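Protein sequence lines correspond, in order, to chains A and B.
Mind the numbering: the first sequence is residues 305 to 530 in my numbering, read in order.
Mind the numbering: the second sequence is residues 305 to 530 in my numbering, read in order.
Ideal Cβ positions, reconstructed from N, Cα and C, are used throughout, including at glycine.
The structure displayed is predicted, hence computed values, not measured ones.
Number of protein chains: 2
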Amino acid sequence: MRKSDAVAAIIETIESNIEQGLWKPGFRLPTERELELRLGVARNTLRKSLKKLEEDGKIVRQIGRGSFVAEPATSNNVMTSLLNQVLGSSPSEVMEIRLVLEPWAAGLAATRATAADLMQMRDCIAHAAGAPDVPTFEKWDGELHQTIISSAKNGLLAGLYEAINTVRHQPEWMKLKQRTVTDDRRAAYHRQHGEIVDALAERDPEKAARLIRDHLIAVRISLLGE
Amino acid sequence: MRKSDAVAAIIETIESNIEQGLWKPGFRLPTERELELRLGVARNTLRKSLKKLEEDGKIVRQIGRGSFVAEPATSNNVMTSLLNQVLGSSPSEVMEIRLVLEPWAAGLAATRATAADLMQMRDCIAHAAGAPDVPTFEKWDGELHQTIISSAKNGLLAGLYEAINTVRHQPEWMKLKQRTVTDDRRAAYHRQHGEIVDALAERDPEKAARLIRDHLIAVRISLLGE
DNA sequence: CGATATTGGATCAATAATGGATCAATAGTG
DNA sequence: CACTATTGATCCATTATTGATCCAATATCG
Numbered sequence: 305m306r307k308s309d310a311v312a313a314i315i316e317t318i319e320s321n322i323e324q325g326l327w328k329p330g331f332r333l334p335t336e337r338e339l340e341l342r343l344g345v346a347r348n349t350l351r352k353s354l355k356k357l358e359e360d361g362k363i364v365r366q367i368g369r370g371s372f373v374a375e376p377a378t379s380n381n382v383m384t385s386l387l388n389q390v391l392g393s394s395p396s397e398v399m400e401i402r403l404v405l406e407p408w409a410a411g412l413a414a415t416r417a418t419a420a421d422l423m424q425m426r427d428c429i430a431h432a433a434g435a436p437d438v439p440t441f442e443k444w445d446g447e448l449h450q451t452i453i454s455s456a457k458n459g460l461l462a463g464l465y466e467a468i469n470t471v472r473h474q475p476e477w478m479k480l481k482q483r484t485v486t487d488d489r490r491a492a493y494h495r496q497h498g499e500i501v502d503a504l505a506e507r508d509p510e511k512a513a514r515l516i517r518d519h520l521i522a523v524r525i526s527l528l529g530e
Numbered sequence: 305m306r307k308s309d310a311v312a313a314i315i316e317t318i319e320s321n322i323e324q325g326l327w328k329p330g331f332r333l334p335t336e337r338e339l340e341l342r343l344g345v346a347r348n349t350l351r352k353s354l355k356k357l358e359e360d361g362k363i364v365r366q367i368g369r370g371s372f373v374a375e376p377a378t379s380n381n382v383m384t385s386l387l388n389q390v391l392g393s394s395p396s397e398v399m400e401i402r403l404v405l406e407p408w409a410a411g412l413a414a415t416r417a418t419a420a421d422l423m424q425m426r427d428c429i430a431h432a433a434g435a436p437d438v439p440t441f442e443k444w445d446g447e448l449h450q451t452i453i454s455s456a457k458n459g460l461l462a463g464l465y466e467a468i469n470t471v472r473h474q475p476e477w478m479k480l481k482q483r484t485v486t487d488d489r490r491a492a493y494h495r496q497h498g499e500i501v502d503a504l505a506e507r508d509p510e511k512a513a514r515l516i517r518d519h520l521i522a523v524r525i526s527l528l529g530e
């Protein structure tokens, strides 16, 4: 047989199958042992082609499962996987992110929040103070934080934070809160919330960021210990 | 016998029954022992499909009662609204968030990244350098940033960033990139990427954070102007 | 109420299919 | 001849699927 770079030829064949939509993303390729017959080439040669295709991100191979046309991360797929990610993430992970996002967002909110935003925050605080039980307190606490984030006037950020906030509906999270949110702590949180909103009203970004950071550290300690 | 991914096939069958309204929310599915006969597969295989459907929130299963088509969930709404939010967000909003998230994540990655992570980053850089066109460059650039974020070992953060990253597939974003990513800039980005990964390999959090921040500022300027 | 049947949950072992890896032999190219 | 691509073969690691058994929660019926 001639030396005509069979590897490159096979790559082009498979690539054209993909690009022409004959093999769509997620499609399972024929097994190597079938492809070698269909293409009239040794398995070793075929595998060199597949290796290159994998390195280029065109296909994905898994031992025992098969080879698949690579799937671009479509928004839909990502969102459903994000949902599972959120539902399965630990309080530690959640707090780690909140501790970065919220102080920064509060800094922005200090300059961007409207009077209506501030009023809504005070409303949340009042509702939280009058909450008869922990779940109700949690609801208004979440609403308050969401309002602060939204006041940063970055829609994408608000959406991301809302996604994070759904973790509060998780049974595990609710149990944790139920166990750790004592009356003493509720009082402390109430005071901290008030100070944060005051700082926002004073248009003091550093102060708002510092206060919400302190607040979140207190929350983290009460949830996870030191 | 051939491995034909029976699990996926069953999932699609059941999903289509639901989506076509044949099985409405609340409908009780046939018992597993009946379905395995009807679908001609082992119960174990069937159960893998049902488990996946349950994880995706499509059905609800209860011991002793049966499996039921799930009611549309609220957490699902949050994710679809996030999806719309992502698709509709401006490059300015995206960069504002990346500028906060990535330097911080890089700082964590400097201590948490594994050798395999670093190798994968270098791989992405090499692929980006050899990319024949802007879309391919964009793909590997996105992959690189995602790898850095994932190296922070916070699953929730990785999920959130992946959601942000899907914006790259938006036509508006791609056009913007096509117009602004010149060869000069590609060369500059390539150098910056290399320096960032070097800093991570040196386990220097401050340096990594500073470098990725500078890089993102350069990207923002090229995308949006001063 | 209590006994029994039904239903999903969980685990195990066995078999087969699949990609991963290596080696020696062969054929074409220069 | 020397070199390289290709072949053909063998074995390994992981996964899918099957078939079976037992457990846990619920429903049903006497």
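Smallest Cα separation from residue i: which of the options?
| i | options | result |
| --- | --- | --- |
| B/V364 | B/T349, B/I322, B/V345, B/A467 | B/I322 |
| A/E375 | A/D518, A/G361, A/V398, A/A414 | A/G361 |
| A/I525 | A/A435, A/R351, A/S396, A/A377 | A/S396 |
| A/E340 | A/F331, A/N388, A/L350, A/R332 | A/L350 |
| A/I314 | A/V523, A/T335, A/V345 | A/V345 |
| B/A410 | B/A310, B/I500, B/L527 | B/I500 |
| B/L249 | A/V404, A/G370, A/A377 | With chain B covering 305 to 530 only, the question about residue 249 of chain B has no answer from this structure. |
| B/D518 | B/E506, B/A505, B/R495, B/R507 | B/R495 |
| B/G459 | A/A432, A/D421, A/L387, A/E359 | A/L387 |
| A/F331 | A/G434, A/A432, A/R369 | A/R369 |
| A/P509 | A/G498, A/A492, A/G434, A/A417 | A/A417 |
| A/A413 | A/K457, A/M425, A/L448, A/Q389 | A/K457 |
| B/A503 | B/I516, B/A492, B/A491, B/Y493 | B/I516 |
| B/I468 | B/L391, B/V373, B/M425, B/G434 | B/L391 |
| A/P407 | A/K511, A/E530, A/V523 | A/K511 |
| B/S393 | B/Y493, B/A420, B/P475, B/E358 | B/P475 |
| B/H473 | A/V382, A/S371, A/Q482 | A/V382 |
In terms of DSSP beta bridges, what is residue i paired with?
| i | result |
| --- | --- |
| B/V373 | B/I363 |
| B/R332 | B/F372 |
Just mark residue i as buried or exposed, buried being the case when its beta carbon has 16 or more other beta carbons within 10 Å.
| i | result |
| --- | --- |
| B/K443 | buried |
| B/I452 | buried |
| A/K479 | exposed |
| A/P439 | exposed |
| A/M305 | In this predicted model, A/M305 has a pLDDT of only 47, less than 50, meaning its place in the structure is not dependable enough to derive any value. |
| A/A312 | exposed |
| B/G463 | buried |
| B/E316 | exposed |
| B/K328 | exposed |
| A/S308 | exposed |
| B/I318 | buried |
| B/G325 | exposed |
| A/M423 | exposed |
| B/Q366 | exposed |
| B/V485 | buried |
| A/T531 | The question about residue 531 of chain A has no answer, for chain A in this structure spans 305 to 530. |
| B/E400 | buried |
| A/S454 | buried |
| B/T470 | buried |
| B/E447 | buried |
| B/I521 | exposed |
| B/D437 | exposed |
Closer than 9 Å by beta-carbon distance: list the chain A residues that pair up with residue i, in chain order.
| i | result |
| --- | --- |
| B/N321 | The premise fails here: B/N321 is roughly 19 Å from chain A at the closest Cβ pair, so nothing lies under 9 Å. |
| B/N469 | A377, V382 |
| B/K443 | G361, P376 |
Could you work out which residues of chain A lie near residue i, taking near to mean beta carbons separated by less than 8 Å?
| i | result |
| --- | --- |
| B/V485 | Near B/V485 there are no residues of chain A at all, since even the closest Cβ is about 19 Å away, more than 8 Å. |
| B/W408 | V404 |
Going along chain B, which residues have a C-beta under 8 Å from residue i?
| i | result |
| --- | --- |
| A/T384 | D360, M383 |
| A/I401 | N458, L460, L461, L464 |
By the criterion of Cβ-Cβ separation under 7 Å, what are the contact partners of residue i in chain A?
| i | result |
| --- | --- |
| B/A310 | In chain order: nothing, as chain A lies at least about 12 Å away. |
| B/Q389 | G459, L460, G463 |
Taking C-beta pairs closer than 7 Å, name the residues in chain B that residue i reaches, listed in chain order.
| i | result |
| --- | --- |
| A/E397 | N458, G459, L460 |
| A/R332 | D309 |
| A/S371 | Ordered by position in chain B, no residue passes the 7 Å Cβ test against A/S371, which lies about 12 Å from the chain. |
| A/S393 | G459, L460 |
In chain B, which residues lie with their C-beta within 9 Å of the C-beta of residue i?
| i | result |
| --- | --- |
| A/H473 | T378, S379 |
In chain order, which continuous runs of the alpha helix (DSSP H) of length 4 or greater are located wholly inside the region 407-448 of chain B?
The region 407-448 of chain B contains these whole alpha helix (DSSP H) runs: 419-433.
Could you pull out every unbroken beta strand (DSSP E) segment of at least 3 residues lying fully inside the region 483-523 of chain B, listed in chain order?
You should have found no qualifying run.
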